[in-house]
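K.L.:
What follows is a structure written as C-alpha cells; I'll ask about it next.
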Amino acid sequence: MIGHYIANFIMLSPKTPREELIKIDTERGFGDAIEDYEKRWDKEPFTIASDDAEIKGEIILNPAHVHKRNKVAVIAHGITAAKEADIKYAKIFYDLGYNIIIFDERYFGESKAKYCTLGMKEADDIKRICESARERFGSDCLIGLHGESMGGASVLRMLSSFSPDFVVADCPFMDLELLIKELAYKRASILGEPARYVARLIGYLRYKYDYFKVKPIDSVRNSDVPICFMHGEDDSLINVNHSKTMYELCKNPLSEIHIFKGADHALSITEDRAGYTKVINEFIEKVERAAGI
Numbered sequence: 088m089i090g091h092y093i094a095n096f097i098m099l100s101p102k103t104p105r106e107e108l109i110k111i112d113t114e115r116g117f118g119d120a121i122e123d124y125e126k127r128w129d130k131e132p133f134t135i136a137s138d139d140a141e142i143k144g145e146i147i148l149n150p151a152h153v154h155k156r157n158k159v160a161v162i163a164h165g166i167t168a169a170k171e172a173d174i175k176y177a178k179i180f181y182d183l184g185y186n187i188i189i190f191d192e193r194y195f196g197e198s199k200a201k202y203c204t205l206g207m208k209e210a211d212d213i214k215r216i217c218e219s220a221r222e223r224f225g226s227d228c229l230i231g232l233h234g235e236s237m238g239g240a241s242v243l244r245m246l247s248s249f250s251p252d253f254v255v256a257d258c259p260f261m262d263l264e265l266l267i268k269e270l271a272y273k274r275a276s277i278l279g280e281p282a283r284y285v286a287r288l289i290g291y292l293r294y295k296y297d298y299f300k301v302k303p304i305d306s307v308r309n310s311d312v313p314i315c316f317m318h319g320e321d322d323s324l325i326n327v328n329h330s331k332t333m334y335e336l337c338k339n340p341l342s343e344i345h346i347f348k349g350a351d352h353a354l355s356i357t358e359d360r361a362g363y364t365k366v367i368n369e370f371i372e373k374v375e376r377a378a379g380i
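When we follow this note's numbering, the leftmost residue of the sequence shown carries the number 88, and every step to the right adds one.
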C-alpha cells in the first residue's frame, strides 16, 4: 500500500492551481514580484518539444542590457507547482539584468506529458530549453540556472550533459533512491525498506521508470560548474545533508553553500528574502567577474 502511494505520488503528483500559487506567494510577501510579472515585464510565450513532452513557458525579456554578452536565467520549479512559483526568484535575476525563462515542468501547468519523473526526463527538458536559449540569445550568452526542490535536482542532474555558467540549487535531493528510503521510513518505520522496493517495481512496470537511477550527486561529482547550494536548516522533506554532501564534492572554487536557519522545505527565501537575495547577488557577481562581464 505504501509502495503504491510512493510510486503514484512521484509519477502522478497533485497539481497546485496557478491561482493558488499566486495567492500563496502574495501572502508570503512577494506581491511586488507578482505585480512586476503581471503589469511590467515584457513576456513572450514559447513551446518546446522534448522527447515525449510538450514544454510550455515564457521568456521575460529584460531591456536593461548593457553588457556585450546576453545574460539568461532559467528557473525550474518544484513538484506540484507551475511556473508562477518561479516569479519570486525571477525578480532577483531580472533586477541583475538577466532575461528570464520560466516554464511548466512536464506534466504540470500547461505542459503536456503523461507523468512526472522527478528529475529523470526533466533534466533533458531543461537541457533542451538551454540549447534553445543559446539559439535565441547567442552561442556566447551567459546562462545561469535556478532550481527549487525537484527543479534543483533536475538542474543538477542536467550537468552531466550540459554545462551552464552557474547553478543555484535550492533544497535539492542528491539521490532519489535515498530520499524515498528516508521518506518511507518516516511513514512506515520498519516497513519502509520493502515499501521503497515495491514503489520501484510499480514505477517500472506501470511507467517504465526506475527512480533508483535519478542521482544528481553523480552529475555534481563530475562537473566543474560553480554551484550555490541553498537549503533550509529545518527542511522536513529533503534533509539539509543532501546539499551538504553534494557541496563537498564540488570542484569549482566559486561554489558555495548557505543554510537558512528556521526554514522548512523551499521556504528559505520566505524566511529571509533579503539574505537570500544578497547571497545570489554576491555569488553571481563572482561568477560574472570570472567570466569577464
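C-beta atoms are modelled at their ideal positions from N, C-alpha and C, and glycine is treated no differently.
#1: On the three-pair Cβ rule with 8 Å, is the region 259-271 touching the region 215-229?
#2: For serine 241 versus glycine 234, is the C-beta spacing smaller than 8 Å?
#3: For alanine 361, which residues in the same chain have their Cβ closer than 8 Å to its Cβ, ignoring the five residues on either side in sequence?
#4: So what does DSSP say about isoleucine 367, is it helix, strand or coil?
#5: Using 8 Å as the threshold, is the region 361-373 in touch with the region 179-191, meaning 3 or more CB pairs across them?
#6: Please check the pair isoleucine 213 and glutamate 171, which I expect to be a contact at CB under 8 Å, by giving their CB distance rounded to whole angstroms.
#7: Helix, strand or coil, according to DSSP, for threonine 332 in the structure here?
#8: Quick check for students: name the residue ranges of the beta strand (DSSP E) that lie wholly in the region 185-249, counting only runs of 3 or more.
#9: Could you work out which residue in Thr357, Ala353, Ala286 is closest to glycine 118 when comparing CA atoms only?
#10: Span of the alpha helix (DSSP H) holding glutamate 171?
#11: Mapping the DSSP letters down to three states, classify alanine 151 as helix, strand or coil.
#12: Tell me the rounded alpha-carbon separation between valine 159 and isoleucine 189.
#13: In terms of alpha-carbon separation, which member of Leu263, Lys178, Leu229 lies closest to aspartate 297?
#14: Report back the beta-carbon spacing between serine 236 and histidine 352 to the nearest angstrom; my notes put them in contact at under 8 Å.
#15: With a cut-off of 8 Å, do at least 3 Cβ pairs link the region 326-346 to the region 298-308?
#16: Whole angstroms are fine: how far does the CA of isoleucine 367 sit from the CA of glycine 379?
#17: Taking the beta strand (DSSP E) that alanine 160 falls in, what are its first and last residues?
#18: Can you give me the C-alpha to C-alpha distance between serine 226 and tyrosine 363, rounded to a whole angstrom?
#19: Using a threshold of 8 Å, state whether the C-beta atoms of aspartate 112 and isoleucine 174 are closer than that.
#20: Is phenylalanine 195 closer than 8 Å to alanine 169 when the C-beta atoms are compared?
#21: Output the distance between the C-alpha atoms of arginine 376 and leucine 265, rounded to the nearest integer angstrom.
#22: Buried or exposed for arginine 244, please, with buried defined as at least 16 other CB atoms from any protein chain shown within 10 angstroms of its CB.
#23: Quick one: grab the DSSP three-state call for alanine 136.
P.N.:
From the atom records:
#1: no
#2: Position 154 of the sequence shown, counted from the first residue, corresponds to residue 241. Position 147 of the sequence shown, counted from the first residue, corresponds to residue 234. It is a contact, given that the beta carbons lie within the stated cut-off.
#3: Working through the sequence shown from its first residue, we reach residue 361 at position 274. If we look at alanine 361 and ignore the five residues flanking it on each side, it has no Cβ neighbours.
#4: Position 280 of the sequence shown, counted from the first residue, corresponds to residue 367. Helix.
#5: yes
#6: Reading the sequence shown from its first residue, position 126 is the one you call residue 213. Reading the sequence shown from its first residue, position 84 is the one you call residue 171. Not really, about 18 Å apart at Cβ, beyond 8 Å.
#7: Position 245 of the sequence shown holds residue 332. Reduced to three states, the DSSP call for threonine 332 is helix.
#8: 186-190, 229-235
#9: As a first step, residue 118 must be located in the sequence shown, where it is residue number 31. Minimum Cα distance to glycine 118 is reached at Thr357.
#10: Residue mapping note: residue 171 aligns to position 84 of the sequence shown, counting from 1. It is not in any alpha helix (DSSP H) - glutamate 171 carries neither H nor E in the DSSP assignment.
#11: Your numbering for residue 151 matches position 64 in the sequence shown. Coil at alanine 151, not helix or strand.
#12: Position 72 of the sequence shown, counted from the first residue, corresponds to residue 159. Position 102 of the sequence shown, counted from the first residue, corresponds to residue 189. Those two C-alpha atoms are separated by around 11 Å.
#13: Taking the sequence shown and counting its residues from 1, one reaches residue 297 at position 210. Here the closest residue by C-alpha is Leu263.
#14: Position 149 of the sequence shown, counted from the first residue, corresponds to residue 236. Position 265 of the sequence shown, counted from the first residue, corresponds to residue 352. That pair is a contact at about 7 Å.
#15: yes
#16: For the purposes of this step, residue 379 is identified with residue 292 of the sequence shown, where counting begins at 1. For the purposes of this step, residue 367 is identified with residue 280 of the sequence shown, where counting begins at 1. Cα to Cα, the separation comes out at about 18 Å.
#17: Translated into the one-based positions of the sequence shown, residue 160 becomes position 73. Here the beta strand (DSSP E) through alanine 160 covers 158-163.
#18: Mapped onto the sequence shown, residue 226 falls at position 139. Mapped onto the sequence shown, residue 363 falls at position 276. Rounded to the nearest angstrom, the two C-alpha atoms are 30 Å apart.
#19: To locate residue 112, count along the sequence shown from 1; it is residue 25. To locate residue 174, count along the sequence shown from 1; it is residue 87. Going by C-beta atoms, aspartate 112 is nearer than 8 Å to isoleucine 174.
#20: The count along the sequence shown starts at 1 and reaches residue 169 at position 82. The count along the sequence shown starts at 1 and reaches residue 195 at position 108. Their beta carbons are under 8 Å apart, which means alanine 169 touches phenylalanine 195 by this criterion.
#21: Position 289 of the sequence shown, counted from the start, is the residue given in the question as residue 376. Position 178 of the sequence shown, counted from the start, is the residue given in the question as residue 265. About 37 Å.
#22: Translated into positions along the sequence shown, residue 244 becomes position 157. That one is buried.
#23: Residue mapping note: residue 136 aligns to position 49 of the sequence shown, counting from 1. Note: alanine 136 maps to strand in three-state DSSP.
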